[in-house]
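J.: Once you've had a glance at the structure underneath, I'll fire off some questions.
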């Protein structure tokens, strides 16, 4: 059972990293726009949530795996650019249901 759990964890990290590469290209510019509007004045991490693949991985782990702070970053991005919901839901479906 430990071997299967180990490989499931590796697969989870690979899928998160794949989504994170996409998020850096798609979500980071939207997030920068929101930060420039002053939306994240009370959050120091929010403007850089999708700035790098590592930051994006951490954000997805926080939001999708742990289920924490979904509304702090994701909801404002979806409100700014509604099509970004497809990316967030793709990540959620892939990670929660696929892995």
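Residue numbers (the numbering used here): 364 to 462.
Where is the CB? At the ideal position from N, CA and C, for every residue including glycine.
On a predicted model such as this, the values are computed, not experimentally measured, just so you know.
1) Identify which residue in 451, 407, 403, 447 has its Cα closest to the Cα of residue 426.
2) How should residue 370 be labelled, buried or exposed, when 16 other C-beta atoms within 10 angstroms of its C-beta is the threshold for buried?
3) Rounded to a whole number of angstroms, what is the C-alpha to C-alpha distance between residue 468 and residue 404?
4) Quick one: complete alpha helix (DSSP H) runs, 4+ long, within the stretch 379–446?
5) Determine the burial state of residue 422: buried for a count of at least 16 other Cβ atoms within 10 Å of its Cβ, exposed for fewer.
T.: Per the coordinate set shown:
1) 451
2) exposed
3) There is no way to answer for residue 468, as the model of the chain reaches only from 364 to 462.
4) 416–423, 433–443
5) buried
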